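S.K.: The sequence shown begins at 477 in the working numbering and counts up one residue at a time. Take a look at this one; I'll ask things after.
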Amino acid sequence: MDIRFSDRANGLKASAIRELLKLTEMPEVISFAGGLPAPELFPVERIKEIFSEVMDRDGRAALQYGPTEGYRPLREIIATQRMSTAHMKLTGDDVIVTTGSQQGLEFSAKLFLNKGDVVICESPSYLGAINAFQAYEPKFVEVSMDEHGMIMSELENALKENPNAKMIYTIPDFQNPTGKTMPDDRRKRMAELAAEYKIPIIEDNPYGELIFEGTVHPAIKSFDKEGWVVFLGTFSKTFAPGLRLGWICASPEILSKYVIIKQGADLQSSSLDQRIAATFMQKYDLNEHIEKIKEIYGNRRTLMLECMDKYFPADVKHTNPYGGLFAWVELREDLDAGKIMEECIKENVAYVPGDAFFPNGGHKNFFRVNYSCMPEDKIVEGIKRLAKVLAKYY
Ligand code: PMP
């Protein structure tokens with residue numbers, strides 16, 4: 477069929493990795509590939525009860541259209557309870573509700589990128605963001621990371637060398653895919669650079685609250701004096717991704733543009749789901765729920781890192797995340813994690829090969845592992861299976 481797709485659509489390719497990842501869904505596979513929260517931690521009973529309560533109290537409004545900006549009580553809760561790391565006095569007017577933070581990513585590209593504009597991001601970066609941005613046909617300039625995330629002198633060089641850079645995309649806390657976290661001085665420096673070069677930062681922060689040791693880091697937004705930082709938040713990892721609720725916190729000038737874009741995309745996020753989330757947080761303490769999640773994920777993280785140290789060949793390296801969902805494994809430079817994955821599937825274990833997280837390709841000797849959604853016995857068994865495959869190459 478001669479379908480005349482847009483140039484944009486013609487540029488979209490189904491990724492090879494998606495095909496590979498389908499195999500990881502077979503029940504016999506111990507998959508460290510997904511990025512899913514542990515389903516046994518979802519507060520199902522409480523949400524059942526809240527659902528009835530919302531329907532009894534507010535059923536008609538919950539099934540009706542609502543404002544594009546979001547359900548007012550939820551916006552207030554986000555501004556006053558969930559944005560404390562921004563260290564700003566916020567009200568519900570400073571945030572809008574989105575359909576997950578993924579929507580915030582897509583909207584950011586639509587808002588800031590013309591074809592050929594440069595997006596500066598960490599090397600590697602979140603695959604879902606790379607894909608969302610790619611539809612707007614930008615160029616990606618990847619900035620190297622050390623163990624503490626993006627290196628600020630290299631960011632500054634990238635800004636100098638790319639006057640057509642239109643946004644900086646960063647995941648400062650427990651980054652997907654590496655699990656790395658930026659120290660506070662880098663956050664401050666990044667905010668200063670954004671103001672100096674007059675470029676927005678998209679601060680994507682789904683994992684910051686899932687910190688296993690120490691206290692939550694201040695957001696880059698907390699160092700933002702002029703309004704260059706757009707903060708994307710989400711309830712996906714702290715509450716339930718199925719509700720598809722996230723938010724954007726930005727200066728009024730920028731936020732009003734996001735609202736217009738959202739009107740065109742979906743008019744609003746679900747009236748019902750927003751009421752469920754707001755009522756849940758009015759009645760229960762989400763922080764208490766987050767404490768439970770952190771304890772379990774923290775234990776799974778410790779176990780996975782210990783198992784990798786114990787069973788993997790000695791010179792396989794991994795990051796040591798102290799929060800979030802992921803660790804990042806580095807193999808010898810000549811090895812290809814994508815090819816090795818085919819053997820892993822035969823052993824019924826899976827990860828995500830790392831090259832997909834580098835928007836300009838290359839870097840085949842890495843893979844990402846998730847520790848949040850596997851029980852402890854499967855973590856041990858899965859890492860042993862991976863170790864058996866890796867041993868053939870070392
Ligand atoms: N950003 C990052 C870094 C992520 O890892 C994810 C989900 N894996 C998202 C955004 C999107 O999450 P959601 O749309 O569920 O909020």
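Every residue gets a Cβ at the ideal spot worked out from N, C-alpha and C, and that includes glycine. This one's a predicted model, so the numbers in the text were calculated from it and none came from an experiment.
Alpha carbon to alpha carbon, how far is glutamine 540 from proline 829? Give it in angstroms, no decimals.
M.R.: For proline 829 and glutamine 540, the distance between alpha carbons rounds to 43 Å.
S.K.: Kindly confirm or deny that the stretch 595 to 604 and the stretch 641 to 650 touch, where touching means at least three C-beta pairs closer than 8 Å.
M.R.: At 8 Å Cβ cutoff, the stretches touch.
S.K.: Could you check which residue in Glu623, Tyr869, Leu550 has the C-alpha nearest to that of aspartate 810?
M.R.: Cα-wise, what sits closest to aspartate 810 is Tyr869.
S.K.: What are the boundary residues of the alpha helix (DSSP H) that includes phenylalanine 588?
M.R.: Its alpha helix (DSSP H) spans residues 576 to 588.
S.K.: If you drop the 5 nearest sequence neighbours on each side, which residues of the same chain put their C-beta closer than 8 Å to that of alanine 867?
M.R.: For alanine 867, where only same-chain residues beyond five positions count, the Cβ hits under 8 Å are Pro789.
S.K.: Going by DSSP, what residues sit across from glutamate 598 in a beta bridge?
M.R.: Paired residues: Val619.
S.K.: Anyone know if the C-beta pair for leucine 635 and isoleucine 677 falls short of 9 Å?
M.R.: Not a contact, by the Cβ cut-off of 9 Å.
S.K.: Return the bridge partner residues of aspartate 680 from the DSSP annotation.
M.R.: Beta-bridge pairing links aspartate 680 to Leu708.
S.K.: Sorted by chain position, which residues of the same chain lie with C-beta nearer than 6 Å to threonine 567's C-beta, five sequence neighbours on each side aside?
M.R.: Hits under 6 Å: Ala555.
S.K.: Which residue's Cα is closest to the Cα of glutamate 623: Val617, Phe609, Leu517, Arg662?
M.R.: Checked all of Val617, Phe609, Leu517, Arg662; the closest Cα to glutamate 623 is Arg662.
S.K.: DSSP three-state call for cysteine 849: helix, strand or coil?
M.R.: If DSSP states are grouped into helix, strand and coil, cysteine 849 belongs with coil.
S.K.: Kindly indicate which three-state DSSP category serine 727 falls into: helix, strand or coil?
M.R.: In the structure shown, serine 727 sits in coil (DSSP, three-state: anything other than H, G, I, E or B).
S.K.: Beta carbon of proline 682: closer than 8 Å to some heavy atom of ligand 1?
M.R.: Yes.
S.K.: Taking DSSP as the reference, what is the three-state secondary structure of phenylalanine 802?
M.R.: The answer is strand: DSSP assigns phenylalanine 802 an E or B state.
S.K.: Of the residues Asn846, Gln758, Gln579, which one's Cα is nearest the Cα of leucine 779?
M.R.: Closest option to leucine 779, Cα to Cα, is Asn846.
S.K.: Looking at threonine 710 and ligand 1, is the gap between the Cβ and the nearest heavy atom below 8 Å?
M.R.: Yes, since a heavy atom of ligand 1 falls inside the 8 Å radius drawn around the Cβ of threonine 710.
S.K.: Starting from isoleucine 816, trace the alpha helix (DSSP H) both ways and give me its first and last residue.
M.R.: Note, isoleucine 816: alpha helix (DSSP H), 813 to 822.
S.K.: Looking only at its chain, what residues have a beta carbon closer than 8 Å to the beta carbon of aspartate 680, apart from the 5 residues adjacent to it on each side?
M.R.: Excluding positions up to five away in sequence, the list reads Ser577, Gly580, Leu581, Tyr602, Ala605, Tyr645, Thr646, Ile647, Leu708.
S.K.: For lysine 738, collect the residues of the same chain with a Cβ closer than 6 Å to its Cβ; drop the 5 residues on either side in sequence, then sort them by chain order.
M.R.: For lysine 738, where only same-chain residues beyond five positions count, the Cβ hits under 6 Å are Thr544.
S.K.: DSSP has lysine 793 in a bridge; who is on the other side?
M.R.: Looking at the DSSP assignment, lysine 793 forms a beta bridge with Glu806.
S.K.: Does any heavy atom of ligand 1 sit closer than 8 Å to the C-beta of glutamine 578?
M.R.: Within the cutoff, so yes.
S.K.: Compute the Euclidean distance between the alpha carbons of alanine 813 and glutamate 630, then round it to the nearest angstrom.
M.R.: Cα to Cα, alanine 813 sits roughly 27 Å from glutamate 630.
S.K.: Please identify the residue among Val825, Glu823, Glu806, Gly858 whose C-alpha is closest to the C-alpha of lysine 840.
M.R.: The shortest Cα separation from lysine 840 among Val825, Glu823, Glu806, Gly858 belongs to Glu806.
S.K.: Taking 7 Å as the limit between beta carbons, can you name the residues of its chain near phenylalanine 588, skipping five residues before and five after?
M.R.: Here the set comprises Lys642, Met643, Pro676.
S.K.: If the criterion is Cβ atoms closer than 9 Å, does the pair asparagine 640 and valine 706 meet it?
M.R.: The answer is no: Cβ separation not under 9 Å.
S.K.: Taking its Cβ as the centre, do 16 or more other Cβ atoms sit within 10 Å of serine 620, making it buried, or is it exposed?
M.R.: Flag for serine 620 reads exposed.
S.K.: Which value, in whole angstroms, describes the spacing of the CA atoms of glycine 535 and threonine 710?
M.R.: Cα-Cα distance, rounded: 25 Å.
S.K.: Look up proline 653 in the DSSP assignment and say whether it is helix, strand or coil.
M.R.: DSSP places proline 653 in coil when its eight states are reduced to three.
S.K.: Using a Cβ-based criterion (distance less than 8 Å to any ligand heavy atom), does tyrosine 602 qualify as near ligand 1?
M.R.: Under cutoff, so the answer is yes.
S.K.: Measuring alpha carbon to alpha carbon, tell me which of Lys860, Thr574, Gly837 ends up nearest valine 735.
M.R.: Of the listed residues, the one whose Cα sits closest to valine 735 is Thr574.
S.K.: For my contact list, leucine 762 and isoleucine 572 are in at a C-beta cut-off of 8 Å; report their separation, rounded to the angstrom.
M.R.: About 19 Å; that fails the 8 Å criterion.
S.K.: On the three-state DSSP scale, how would you describe alanine 485?
M.R.: If DSSP states are grouped into helix, strand and coil, alanine 485 belongs with the helices.
S.K.: According to the Cβ coordinates, are phenylalanine 699 and glutamate 668 closer than 9 Å?
M.R.: Against a cut-off of 9 Å, the Cβ pair of glutamate 668 and phenylalanine 699 comes out as a contact.
S.K.: Would histidine 693 be called buried (16 or more neighbouring beta carbons within 10 Å of its own) or exposed?
M.R.: Buried is the call here.
S.K.: Distance check for lysine 591 and arginine 776, CA to CA, integer angstroms please.
M.R.: About 42 Å.
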